[in-house]
Amino acid sequence: RLRIRPKGGSGGHKGLRSIIELLDSQDFSRLRVGIDRPTGTLDPAEYVLQPFDEEDAALATDALERAAQAIETWL
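Per the numbering used here, the very first residue in the sequence shown carries number 39; after that it's consecutive.
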């Protein structure tokens with residue numbers, strides 16, 4: 039899933055929160071790329087830091103290719 043946003047908050051993403059703090063602004067565009075959400079009781083932080091399984095690796099490759107195309111169009 040790809041989402042282009044002209045501005046906005048961190049959405050809980052610590053790296054994006056750090057950028058917002060350093061720039062002292064949320065007024066910048068961003069492209070968010072996602073492939074899945076954790077199921078059950080798995081902590082989201084643990085989920086995003088674990089290695090991809092084969093299915094998720096294929097989804098990630100596809101998402102990155104689509105993200106690159108979106109960036110080229112966006113620019």
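Backbone N, C-alpha and C define an ideal beta-carbon position, used for all residues, glycine too. These figures come from a predicted structure and were not determined experimentally.
* Output yes or no for whether 8 angstroms exceeds the beta carbon distance between residue 71 and residue 105. => A contact, by the Cβ cut-off of 8 angstroms.
* Would you kindly report the start and end of the unbroken beta strand (DSSP E) that includes residue 40? => Per DSSP, residue 40 belongs to the beta strand (DSSP E) from 40 to 43.
* **From 93, 68, 50, 102, residue whose alpha carbon lies closest to that of residue 113** => 68
* Asked: In chain order, what residues of the same chain lie with their CB nearer than 7 angstroms to the CB of residue 107, ignoring the 5 residues before and after it?
  -> none
* Specify the secondary structure class of residue 68 as computed by DSSP and reduced to three states. => strand
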